[in-house]
Amino acid sequence: MSLATPPDDTSRLTTRTRHQQEEAMSNAQPLERAVGEGNATPARQRSAEVLKVSTRSRPSAVAGAIAGVMRENGSAEVQSIGAGATNQAIKAVAIARAYLSEEGIDIVCIPSFIDVAIDDEERTAIRLLIERR
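So for the sequence shown, full-length UniProt numbering puts the first residue at 1; every next one is plus one.
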């Protein structure tokens, strides 16, 4: 007799929904309001390039993209939905900080919440604004 129970329909639905959310993240459009923005200026928000991270993103690859955008624009924005994607995003910021410190560039990460529209559905994402210190 096995103690393991087979997944029920809800766990498959949750997994499928999570997968669909990750796939749809590339189509995400920020809504007009962002939560927790503090005193960030709209000009800085528009100039930052948006990098979207999923649970399957490799942190070293995202870190390279962050470092490249930072060198080119001076700021970057990383968006993630869900714990796994946010974990990968945070690891990428830490790695990018190490990459850029070799060039004398020190960065800071300013986290906030942002509402994004994915397939006409509003979702809350984590927004990491990365700027030079």
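Don't be surprised by glycine CBs; every beta carbon is placed ideally from N, CA and C. Bear in mind that the values here come from a model prediction, so they are computed numbers and not experimental data.
Using the Cα positions of D115 and S80, report the straight-line distance between them to the nearest angstrom. Here residue 115 refers to the residue found at position 115 of the sequence shown. Here residue 80 refers to the residue found at position 80 of the sequence shown. One alpha carbon belongs to D115, the other to S80, and they sit about 11 Å apart.
For the stretch 50-61 against the stretch 102-109, are there 3 or more C-beta pairs whose distance is under 8 Å? no
Determine the contact status of A96 and I126, defining contact as a CB-CB distance below 9 Å. Residue 96 sits at position 96 when you count from the first residue of the sequence shown. Residue 126 sits at position 126 when you count from the first residue of the sequence shown. No, Cβ-Cβ distance for A96 and I126 is not below 9 Å.
Going by the C-beta, is D106 closer than 8 Å to any heavy atom of the ligand ATP? This structure lacks the ligand ATP; in fact it carries no ligand of any kind.
Taking the beta carbon of T124 as the centre, do at least 16 other beta carbons fall within 10 Å, making it buried, or is it exposed? To locate residue 124, count along the sequence shown from 1; it is residue 124. Its Cβ having fewer than 16 others within 10 Å, T124 is exposed.
Three-state secondary structure (DSSP) of I118: Numbered from 1 along the sequence shown, position 118 holds the residue referred to as residue 118. Residue state, collapsed to three classes: strand.
Residue range of the unbroken beta strand (DSSP E) whose run includes E49: Translated into the one-based positions of the sequence shown, residue 49 becomes position 49. It spans 49-53 - the beta strand (DSSP E) in which E49 sits, taken as one unbroken run.
Can you tell me whether E103 is helix, strand or coil according to DSSP? In the sequence shown, counting from the first residue as 1, residue 103 sits at position 103. Looking at E103 - three-state DSSP - the assignment turns out to be coil, as it is neither helix nor strand.
Within 10 angstroms of its Cβ, does E77 collect 16 or more other Cβ (buried), or is it exposed? One-based indexing of the sequence shown puts residue 77 at position 77. The Cβ neighbour count for E77, taken over all protein chains shown within 10 Å, is at least 16; the residue is labelled buried.
DSSP state of S80, grouped into three classes? Translated into positions along the sequence shown, residue 80 becomes position 80. Correct three-state label for S80: strand.
Taking 9 Å as the threshold (C-beta atoms), are N73 and E49 in contact? As a working mapping, residue 49 is identified with position 49 in the sequence shown. As a working mapping, residue 73 is identified with position 73 in the sequence shown. Closer than 9 Å, so yes.
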